[in-house]
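Every number in my numbering is 240 more than the matching position in the sequence shown, counting from 1.
Even glycine gets a Cβ: it sits at the ideal position worked out from N, Cα and C.
So the structure is just underneath, and the comments pick up after that.
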Amino acid sequence: MSYPLVLEQIAAAAARAGRDPGDVTLIVITKGRDVSLIRELYDQGVRDFGENRAQELASKVGQLPVDIRWHFVGPLQTNKVRLVRPSASLLHSMDRPKLARYWSRGISRQVPALAQVNIGLEPQKHGVAPDRIEEMVEMFLGGGVDLRGLMAMAPRIAEPEQARPYFQRLRRLSERLAKQYPAMTELSMGMTEDYPVAVEEGATMVRVGRAIFGEGL
241 MSYPLVLEQI
251 AAAAARAGRD
261 PGDVTLIVIT
271 KGRDVSLIRE
281 LYDQGVRDFG
291 ENRAQELASK
301 VGQLPVDIRW
311 HFVGPLQTNK
321 VRLVRPSASL
331 LHSMDRPKLA
341 RYWSRGISRQ
351 VPALAQVNIG
361 LEPQKHGVAP
371 DRIEEMVEMF
381 LGGGVDLRGL
391 MAMAPRIAEP
401 EQARPYFQRL
411 RRLSERLAKQ
421 YPAMTELSMG
431 MTEDYPVAVE
441 EGATMVRVGR
451 AIFGEGL
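Next up, the structure:
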């Protein structure tokens, strides 16, 4: 596994941007990965793990230490909220009012979320269109969601540098919203293909799986 190398690359990207590497959280994406591999990383000090399938998350939680911070990073159906919310530390994919209602109703604890932006306006992807994000953020907050920032995925790219304009656009949206909503400071962007560029452009969270585990999935 290449966890130390990913940390080195995050630190290098932060240095290029004049940032503190400690301001960037590496979320290790464990979709399809065996619990034994997750435990190996836990033993190396990793505490932030991400899943994008509700049933897989629910099945893994009970097999691993309770101090893990689980991030749910995939699209979430309202009928799967009951599987995700009890163990999630952060939902990265708040994208519609119906999900906001299900996420915030009848809660015994408030679980924060990020508003997902379809930054490339790709029809196959979930998320709020950039020109509607302010309207939707107001709806989410009005519905009782504890919003902490934004999340987006750049379109598939041939070279990491091609993702930069999308990350810059998301950062500008984030900065504008944070002026009105000071709690919305998190910026989840960057994956295996492009996370160093995302760090250079202000990501506070990057979601990396294949660069750590290899290309098997």
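According to DSSP, residue pairing for M424 in a beta bridge does not occur. Taking the Cβ atoms as the reference, M334 lies roughly 10 Å from G389, outside the contact range of under 8 Å. Annotation: the region 378-423 contains the following complete segments of the alpha helix (DSSP H) (minimum length 4 residues), in chain order: 404-420. Excluding its 5 nearest sequence neighbours in each direction, V368 has C-beta neighbours in its own chain below 7 Å: D335, A355, Q356, V357, N358, M376, listed in chain order.
In this structure, DSSP gives E291 an extended state, which the three-state scheme calls strand. With respect to E441, M429 sits close: the two C-beta atoms are nearer than 9 Å.
For A353, the uninterrupted beta strand (DSSP E) run begins and ends at 353-357, by DSSP. In the structure shown, the three-state DSSP call for S329 is strand. Looking at the DSSP output, L266 sits in a beta bridge with V446. Taken through DSSP and simplified to helix, strand or coil, R273 comes out as coil.
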